[in-house]
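Numbering (full-length UniProt numbering), first residue to last: 1 to 334.
No residue lacks a Cβ here, since even glycine has one placed at the ideal position from N, Cα and C.
Computed from a prediction, not measured in an experiment: that's the story for all the values here.
Right, dumping it as structure tokens:
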């Protein structure tokens, strides 16, 4: 008989967990309008995997992928001509599209949006009338939608992850060591064999104070490095780890372990051909082929470079949506 998990966060739910927290009004209205069944609680909590081997097996194969941006008109005429306004938020990162509904985009406009995301890293849309079903439909247009084994989702719609501070607080209390919502600068799913391409966030409710998000450009971070330093990191790999830990079925008494995978420290975007620094302090464990002080120095320099230049902070509002490839950080509310 295997010993019990050492930390309480690791739980192998035989039955999915049912949550009955009070839904904020705007969230309930959006879900009911979309015909989401809330009778069994919200959100739906799947059974969590306990063992490391089971999680490594998830999406553990190379999958063909064609970025929709490769099909786009470089001028993005269909997308831009339909918008009331297109606002670049900084010179290097962030664009807001005014007057368009994501649910109504044609395939041509979706392709051009993918190109815009590739170039500007994060694109914002305000006042979106967007159901979870339409959100999922857009995700499937761009590729395989990730179904996370650990996180809650909208009932009946796997792949529509729910991010909700009240739910987080019910599972793990905030502390000065680990405040709620401050995972650190990161991009999504870096521990997977093929990390996420595009992430789509839609906000139903916002706090009266705080709740902002910062975004940073990996392109700009790389471009600002000296030519000499680029030579040091080009072609190198780093080891990235998961946010959640699991027990090793072959050695459960050793305690929780993280999923770890190796990826290039510098990536080349398949649409733009631009190089991007792919590192973050939250989930990059080490630089391959480097040891000791040199490895720590490389991690520190590259991690700092990603977030010290060309970043933006955006305040959320009700029914705001964004699609992004940028590094993100939930700003600590202090």
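Residue from the options with nearest C-alpha to residue i
i: residue 76; options: 59, 43, 91 and 115; result: 115
i: residue 130; options: 160, 253, 277 and 285; result: 160
i: residue 251; options: 72, 50 and 71; result: 50
i: residue 216; options: 69, 87, 92 and 36; result: 92
i: residue 198; options: 259, 99, 209 and 323; result: 323
i: residue 203; options: 23, 57, 27 and 22; result: 27
i: residue 145; options: 111, 189, 247 and 46; result: 189
i: residue 120; options: 269, 132, 282 and 283; result: 269
i: residue 102; options: 137, 71 and 87; result: 137
i: residue 66; options: 143, 319, 163 and 149; result: 143
i: residue 169; options: 319, 329, 21 and 320; result: 21
i: residue 72; options: 319, 113 and 248; result: 113
i: residue 201; options: 132, 110 and 52; result: 132
i: residue 108; options: 166, 70 and 240; result: 70
i: residue 94; options: 124, 53 and 239; result: 124
i: residue 148; options: 58, 165, 226 and 207; result: 58
i: residue 327; options: 255, 316 and 122; result: 122
i: residue 325; options: 258, 53 and 219; result: 219
i: residue 141; options: 68, 163, 283 and 285; result: 68
i: residue 329; options: 47, 258, 186 and 81; result: 186
i: residue 46; options: 52, 152 and 164; result: 152
i: residue 278; options: 154, 191, 99 and 63; result: 191
Residues that DSSP places opposite residue i in a beta bridge
i: residue 323; result: 123 and 200
i: residue 239; result: 262 and 286
i: residue 208; result: None; residue 208 has no bridge partner.
i: residue 383; result: Because the chain in this structure spans residues 1 to 334, residue 383 falls outside the shown range and cannot be described.
i: residue 97; result: 86 and 125
i: residue 141; result: DSSP output for residue 141 lists no bridge partner at all.
i: residue 272; result: DSSP, once it has assigned bridges, lists no residue as partnering residue 272.
i: residue 257; result: 246
i: residue 161; result: 153
i: residue 267; result: 276
Limits of the unbroken alpha helix (DSSP H) element including residue i
i: residue 317; result: That residue, residue 317, is in no alpha helix (DSSP H); it is neither H nor E in DSSP.
i: residue 335; result: Because the chain in this structure spans residues 1 to 334, residue 335 falls outside the shown range and cannot be described.
i: residue 81; result: 77–82
i: residue 233; result: 227–233
i: residue 56; result: 52–56
i: residue 33; result: 25–33
Extent of the continuous beta strand (DSSP E) run through residue i
i: residue 249; result: Careful: residue 249 lies outside any beta strand (DSSP E) and carries neither H nor E.
i: residue 277; result: 275–277
Distance between beta carbons of residue j and residue i, contact taken as under 8 Å
i: residue 213; j: residue 24; result: Wrong, their Cβ atoms sit about 18 Å apart, outside the cutoff.
i: residue 262; j: residue 222; result: The Cβ separation is near 19 Å, so there is no contact.
i: residue 36; j: residue 156; result: 7 Å
i: residue 193; j: residue 280; result: 18 Å between Cβ atoms; not a contact.
i: residue 97; j: residue 78; result: Not a contact, Cβ separation roughly 12 Å.
i: residue 266; j: residue 287; result: Going by Cβ atoms, the distance from residue 266 to residue 287 rounds to 11 Å, so no, they are not a contact pair.
i: residue 246; j: residue 55; result: 6 Å
i: residue 317; j: residue 126; result: 6 Å
i: residue 285; j: residue 260; result: 7 Å
Heavy atom of the ligand SAH within 7 Å of residue i beta-carbon
i: residue 95; result: As presented, the structure is devoid of all ligands, the ligand SAH included, so that no description of it is given.
If contact is defined by three or more beta carbon pairs under 8 Å, each pair taking one atom from either stretch, is the region 83–90 in contact with the region 35–52? no
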